[in-house]
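Below is one structure, written out as structure tokens, with a few remarks after it.
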Amino acid sequence: MTELAPSTRSRVLAALRDQRVETASWAFGNSGTRFKVFAQEGVPRDPYEKIADAATVHRFTGVAPTVALHIPWDKTDDYAALAAFAKERGVGLGAINSNVFQDDDYKLGSVTNPDPRVRAKALAHLLECVDIMDATGSRDLKLWFSDGTNYPGQDSIRNRQDRLAEALAAVYERLGDDQRMLLEYKFFEPAFYMTDVPDWGTAYAHCLTLGEKAQVVIDTGHHAPGTNIEFIVAVLLRAGKLGGFDFNSRFYADDDLMVGAADPFQLFRIMCEIVSADVLRPEAGIAFMLDQCHNLEPKIQAVIRSVTNVQEATAKALLVDADALAVAQQNGDVLEANDVLMDAYHTDVRPLLRDLRAEMGLDPDPVAAYKRSGYFETVKAERVGGQAAGWGA
6 MTELAPSTRS RVLAALRDQR VETASWAFGN SGTRFKVFAQ EGVPRDPYEK IADAATVHRF
66 TGVAPTVALH IPWDKTDDYA ALAAFAKERG VGLGAINSNV FQDDDYKLGS VTNPDPRVRA
126 KALAHLLECV DIMDATGSRD LKLWFSDGTN YPGQDSIRNR QDRLAEALAA VYERLGDDQR
186 MLLEYKFFEP AFYMTDVPDW GTAYAHCLTL GEKAQVVIDT GHHAPGTNIE FIVAVLLRAG
246 KLGGFDFNSR FYADDDLMVG AADPFQLFRI MCEIVSADVL RPEAGIAFML DQCHNLEPKI
306 QAVIRSVTNV QEATAKALLV DADALAVAQQ NGDVLEANDV LMDAYHTDVR PLLRDLRAEM
366 GLDPDPVAAY KRSGYFETVK AERVGGQAAG WGA
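For the sequence shown, this note's numbering gives the first residue as 6, with consecutive numbering after it.
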């Protein structure tokens with residue numbers, strides 16, 4: 006790694022020390038494709054064990070202090086007790102993720118379903134999730150809808166948008182002063198002709214109508230191949246409507262691989278937009294969350310790798326010479342501007358991150374430290390018949 010100026014080194018380390026990445030409870034359970042779930046040893050059997058695994062990730066990375074829950078996958082009788090359990094283990098409960106896509110009733114949609122009974126059922130679940138937020142102290146409600154149609158003429162596109170808007174307005178009205186709604190989008194699957202929230206523009210339009218507590222969340226796997234995600238990031242930041250990310254990676258569609266696995270350069274470009282807008286700090290309100298299902302790779306180790314991948318992309322983005330880039334851009338020097346960006350991208354930041362972890366009292370190599378800890382051997386012996394990430398997964 007090229008020797009950094011002391012001021013640059015201090016600035017970058019301070020920013021990385023304050024960075025926060027939220028893990029996902031479902032990343033620790035058994036998961037798979039529509040064809041097969043490959044069960045692993047030692048996976049959690051309940052929300053408490055998922056939180057224990059998430060706390061282990063934080064223990065070795067130092068930057069993953071919250072874990073998102075998925076309801077009803079993580080349903081429990083006492084959410085205050087669950088929050089207290091998390092606190093005892095050094096983490097907190099993060100975003101609450103709703104689920105209106107796995108009941109048979111939702112075959113034709115949830116909040117956009119032509120049947121008012123089904124719409125009422127879906128809305129009741131979303132409002133229940135806000136109740137859970139009250140109990141856990143969570144700030145963010147994350148909404149993703151599988152709603153859509155498979156054939157032209159199957160349902161009215163405009164009517165479905167009206168139904169969606171009505172449901173979102175009801176949930177928005179229920180939010181507390183310190184709570185937010187994060188609306189996610191996905192361009193296809195499981196609906197193939199038309200998805201009700203297929204892109205950032207649709208999500209943005211609904212959020213704009215609702216108000217400042219409604220924000221768009223970007224799942225990095227929910228785009229068509231070749232989509233310029235950093236452009237979406239920049240536009241939503243400019244509009245003050247970017248609420249957060251669901252970080253993962255994909256080669257084809259919603260593969261849910263470790264973030265940065267398929268295209269680390271894309272992750273770097275996204276983080277460049279975040280850094281240039283000065284919204285990396287937690288108080289800026291952008292939630293950096295992981296949304297991944299690890300079908301083949303060891304769960305905890307894969308989540309640790311994902312966190313460190315985000316850190317590496319962020320470190321490189323922080324090393325971009327902003328002044329030199331601005332001069333090249335102002336002068337219309339196309340290649341010089343690109344060189345400034347590429348110089349930062351090609352920098353090996355792993356030594357810097359090792360130094361950061363040492364300064365934080367952590368092992369410089371989180372994966373190696375986790376392997377040596379014996380945690381996996383312990384839970385493998387204790388946990389038999391681990392829980393699937395979701396119903397039927």
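Even for Gly, the Cβ is constructed at its ideal location relative to N, Cα and C.
Whole-angstrom distance between H211 and T313, CA atom to CA atom: 34 Å
Under 8 Å: do the segment 61-68 and the segment 317-332 share three or more Cβ pairs, one atom per stretch? no
If you compare alpha carbons, which of Q107, L180, I162 is closest to G142? L180
If you count every other CB in all the chains shown that lies within 10 Å of the CB of P121, and 16 or more means buried, which is it? exposed
Expressed to the nearest angstrom, what Euclidean distance is found between the alpha-carbon atoms of E317 and H299? 20 Å
Between the C-alpha atoms of T225 and T383, what's the straight-line distance to the nearest angstrom? 34 Å
Only counting the same chain, and skipping five residues up and downstream in sequence, which positions put a Cβ closer than 7 Å to that of A374? F65, D368
If I measure Cβ to Cβ from R25 and keep anything under 8 Å in the same chain, skipping five residues before and after, which residues do I get? V68, A69, P70, T71, P287, F293
Taking DSSP as the reference, what is the three-state secondary structure of Q166? helix
Applying the 10 Å Cβ sphere with the 16-neighbour rule, what's the burial state of G95? exposed
To the nearest angstrom, how far is the alpha carbon of L169 from that of G265? 33 Å
Which residue spans inside the segment 76-114 form an unbroken beta strand (DSSP E) run of at least 3? 97-102
Can you confirm whether the segment 205-222 touches the segment 154-165 when touching is taken to mean that 3 or more C-beta pairs between the two stretches lie within less than 8 Å? no
Can you tell me where the beta strand (DSSP E) holding F293 begins and where it ends? 292-295
In chain order, what residues of the same chain lie with their CB nearer than 6 Å to the CB of R359, ignoring the 5 residues before and after it? P369
Using three-state DSSP, classify R14 as helix, strand or coil. helix
So A219 is in the beta strand (DSSP E); what residue range does that whole segment cover? 219-224
Quick one: residues in its chain with C-beta nearer than 6 Å to the C-beta of G114, no 5 flanking neighbours on either side, listed in chain order? D152
Please identify the residue among L173, Q184, T232 whose C-alpha is closest to the C-alpha of D204. T232
From M199 to Y190, what does the alpha carbon distance come to, in whole angstroms? 12 Å
Cα-Cα, which of Y156, S311, A175, K218 is closest to D182? K218
Option in K112, N104, L146 with minimal Cα separation from H130: N104
Close beta carbons around Y350, own chain, < 7 Å, minus the five adjacent residues each side: F270, F273, K321
Provide the residue(s) that pair with D251 in DSSP beta bridges, ordered along the chain. D224, M294
Could you say which of L128, K126, I137, D83 lies nearest to I101 if we only look at CA atoms? I137
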